[in-house]
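Chemist: Here it is, the structure in full.
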Amino acid sequence: MSADAAALPADLFTTIDHVGIAVPDLDEAIAFYDRAFGISSVHEETNEEQGVREAMLAVGTGDTRIQLLAPLTPESTIAKFIGRSGPGLQQLAFRVTDVEAVSATLRDRGLRLLYDEPRRGTAGSRVNFVHPKDAGGVLVEIVEPATQH
Numbered sequence: 033m034s035a036d037a038a039a040l041p042a043d044l045f046t047t048i049d050h051v052g053i054a055v056p057d058l059d060e061a062i063a064f065y066d067r068a069f070g071i072s073s074v075h076e077e078t079n080e081e082q083g084v085r086e087a088m089l090a091v092g093t094g095d096t097r098i099q100l101l102a103p104l105t106p107e108s109t110i111a112k113f114i115g116r117s118g119p120g121l122q123q124l125a126f127r128v129t130d131v132e133a134v135s136a137t138l139r140d141r142g143l144r145l146l147y148d149e150p151r152r153g154t155a156g157s158r159v160n161f162v163h164p165k166d167a168g169g170v171l172v173e174i175v176e177p178a179t180q181h
């Protein structure tokens with residue numbers, strides 16, 4: 033373990049919150065995951081600010097989720113992602129207890145975050161993202177659930 037990694041608080045991330053999958057049609061994707069894998073949607077919403085219609089799917093007995101993200105418009109970030117990369121894995125999200133503190137720690141470590149201030153995420157959570165160029169090509173989301181507030 034590097035000295036930088038050792039200096040990170042042990043509780044920077046509490047768990048993997050979800051993995052985000054970009055899909056062109058949310059209803060078709062929900063039906064596929066239910067039919068093929070027996071994984072059901074436990075929450076659906078439209079997030080106008082993020083330009084997506086989304087569903088959270090429960091996996092097993094834990095609280096890790098699969099998030100399906102469908103574009104609301106051809107100009108949305110998810111539509112652009114699908115146009116560039118096709119449907120598929122779009123993000124890895126870690127749960128945190130304080131999105132501002134974790135954002136500050138990551139910035140101190142030289143990572144670029146997409147937003148100056150956290151934004152509204154699924155079910156009233158607060159989120160920010162590490163730029164994929166700073167995370168080995170992976171869009172890393174940090175999520176503070178609404179229940180933390």
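Numbering (my numbering), first residue to last: 33 to 181. Cβ atoms here follow ideal geometry from the backbone N, Cα and C, with glycine treated the same way.
Straight-line CA distance for Asn-79 to Val-175?
Modeler: Position 47 of the sequence shown, counted from the first residue, corresponds to residue 79. Position 143 of the sequence shown, counted from the first residue, corresponds to residue 175. Rounded to the nearest angstrom, the two C-alpha atoms are 15 angstroms apart.
Chemist: Secondary structure at Ile-71, three-state DSSP: helix, strand or coil?
Modeler: Within the sequence shown, numbered from 1, the residue matching residue 71 stands at position 39. Coil at Ile-71, not helix or strand.
Chemist: Leaving out the 5 sequence neighbours to the left and right, which residues in its chain are closer than 6 angstroms to Ser-73 when beta-carbon positions are compared?
Modeler: As a first step, residue 73 is located in the sequence shown; it is residue number 41 there, counting from the start. Only Ile-62, Ala-87 and Leu-89 meet the Cβ criterion.
Chemist: Run through the DSSP bridge pairs and tell me what Ile-53 is partnered with.
Modeler: Your numbering for residue 53 matches position 21 in the sequence shown. In the DSSP output, where bridge partners are listed per residue, Ile-53 has Leu-100 and Leu-121.
Chemist: Tell me the rounded alpha-carbon separation between Tyr-65 and Leu-171.
Modeler: Residue numbering aside, residue 65 sits at position 33 when the sequence shown is read from its first letter. Residue numbering aside, residue 171 sits at position 139 when the sequence shown is read from its first letter. Using only the alpha carbons, I get a separation of about 23 angstroms.
Chemist: Taking the straight line between their C-alpha atoms, what separation do you get for Thr-46 and Gly-70?
Modeler: What you label residue 46 is simply residue 14 of the sequence shown in a count that begins at 1. What you label residue 70 is simply residue 38 of the sequence shown in a count that begins at 1. Going from the Cα of Thr-46 to the Cα of Gly-70 covers about 27 angstroms.
Chemist: Output the distance between the C-alpha atoms of Pro-56 and Val-134, rounded to the nearest integer angstrom.
Modeler: By one-based count along the sequence shown, residue 56 stands at place 24. By one-based count along the sequence shown, residue 134 stands at place 102. Cα to Cα, the separation comes out at about 32 angstroms.
Chemist: Just the C-alpha distance for Pro-177 and Val-159, rounded to the nearest angstrom, thanks.
Modeler: Here residue 177 corresponds to residue number 145 of the sequence shown, with the count starting at 1. Here residue 159 corresponds to residue number 127 of the sequence shown, with the count starting at 1. In a straight line, the C-alpha of Pro-177 is about 9 angstroms away from that of Val-159.
Chemist: Reducing DSSP to helix, strand and coil, say where Glu-81 ends up.
Modeler: Position 49 of the sequence shown, counting from 1, holds the residue named residue 81. Looking at Glu-81 - three-state DSSP - the assignment turns out to be coil, as it is neither helix nor strand.
Chemist: Could you tell me the distance, in whole angstroms, from the CA atom of Phe-161 to the CA atom of Asp-95?
Modeler: Here residue 161 is taken as the residue at index 129 of the sequence shown, counted from 1. Here residue 95 is taken as the residue at index 63 of the sequence shown, counted from 1. The straight-line gap from Cα to Cα measures roughly 21 angstroms.
Chemist: Could you have a look at Gly-168 and say whether DSSP puts it in helix, strand or coil?
Modeler: As a first step, residue 168 is located in the sequence shown; it is residue number 136 there, counting from the start. If DSSP states are grouped into helix, strand and coil, Gly-168 belongs with coil.
Chemist: For His-50, count neighbouring C-beta atoms within 10 Å of its own C-beta (all shown protein chains included) and say buried if the count is 16 or more, exposed if not.
Modeler: By 1-based counting over the sequence shown, the position of residue 50 is 18. Classification of His-50: buried, given that the 10 Å Cβ count is 16 or more.
Chemist: Name the DSSP bridge partner or partners of Val-162?
Modeler: Here the question's residue 162 lines up with position 130 in the sequence shown. Paired residues: Leu-145 and Val-172.
Chemist: What are the partner residues of Ala-155, as DSSP defines its beta bridges?
Modeler: For the purposes of this step, residue 155 is taken as the residue at position 123 of the sequence shown. According to DSSP, which records beta bridges pairwise, Ala-155 is partnered with nothing at all.
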